[in-house]
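Comments concern the structure below.
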Amino acid sequence: MGNSSSSTTTFTLIPKLRSSDQPTITNHNNTTMSSQQPTTSQGGPKATGGMSGAVPTPANAHLGDQTGEKPKAFDSGGAIGKQFNATGAIGQIGEAVGGPLSSSGVIGKQFTDKGAIGGTIQDTLGGTK
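Quick look at the structure:
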């Protein structure tokens with residue numbers, strides 16, 4: 010006569026939730042969020058689309074007008090061209106030395122956007138994107 014062992018398995022039925030019955034979660038700021046809403050690792054709601062640069066703020070005001078037109082790199086307002094202005098990294102050296110290398114000097118004025126060298130670059134490589 011063999012050993013007969015009986016085992017009992019218990020199942021618990023969990024009702025399926027309808028979309029209107031979705032549970033809510035309260036985060037560390039005591040704000041209620043739906044469990045279906047995407048969240049960041051800090052628990053806050055996740056941004057859904059768009060780019061931060063699309064909203065004009067004082068922080069991105071220097072990036073040109075909000076129509077999408079930005080100066081080309083060699084334009085007098087572009088990433089490279091603005092370095093040759095009197096306040097730019099290269100232009101400041103000429104201003105500090107002064108004399109013929111300043112923006113109003115014989116050599117320095119050739120590198121402004123109206124000078125022979127700077128003006129040619131402005132006309133050929135400048136403009137907007």
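Numbering of the sequence shown is given in our numbering, commencing with residue 10 and proceeding in unit increments. Just so you know, even glycine gets a beta-carbon here, dropped at the ideal spot from N, CA and C. Being a predicted model, the structure only gives us computed values, none of them experimental.
By DSSP's assignment, Thr137 forms a beta bridge with Pro80. Judged by DSSP in its simplified three-state form, Gly128 adopts helix.
Burial check for Gln92: the Cβ neighbour count within 10 Å stays below 16, so the residue is exposed. Contact check for Ala95 and Ala88: beta-carbon distance about 17 Å, past the 8 Å limit, so the pair fails to qualify. For Gly86, the three-state secondary structure derived from DSSP is coil.
Residue environment analysis places Ser16 among the exposed positions, since fewer than 16 neighbouring C-beta atoms fall within 10 angstroms of its C-beta.
In the structure shown, the three-state DSSP call for Lys118 is helix. Ranked by how close their Cα comes to the Cα of Thr137, the residues Ala68, Thr18, Pro80 have Pro80 in first place. Non-local C-beta neighbours of Ala125 in its own chain, meaning closer than 7 Å and more than five positions away in sequence, comprise Gln119, ordered along the chain. Distance from the CA atom of Gly127 to the CA atom of Pro65, rounded to whole angstroms, is 31 Å.
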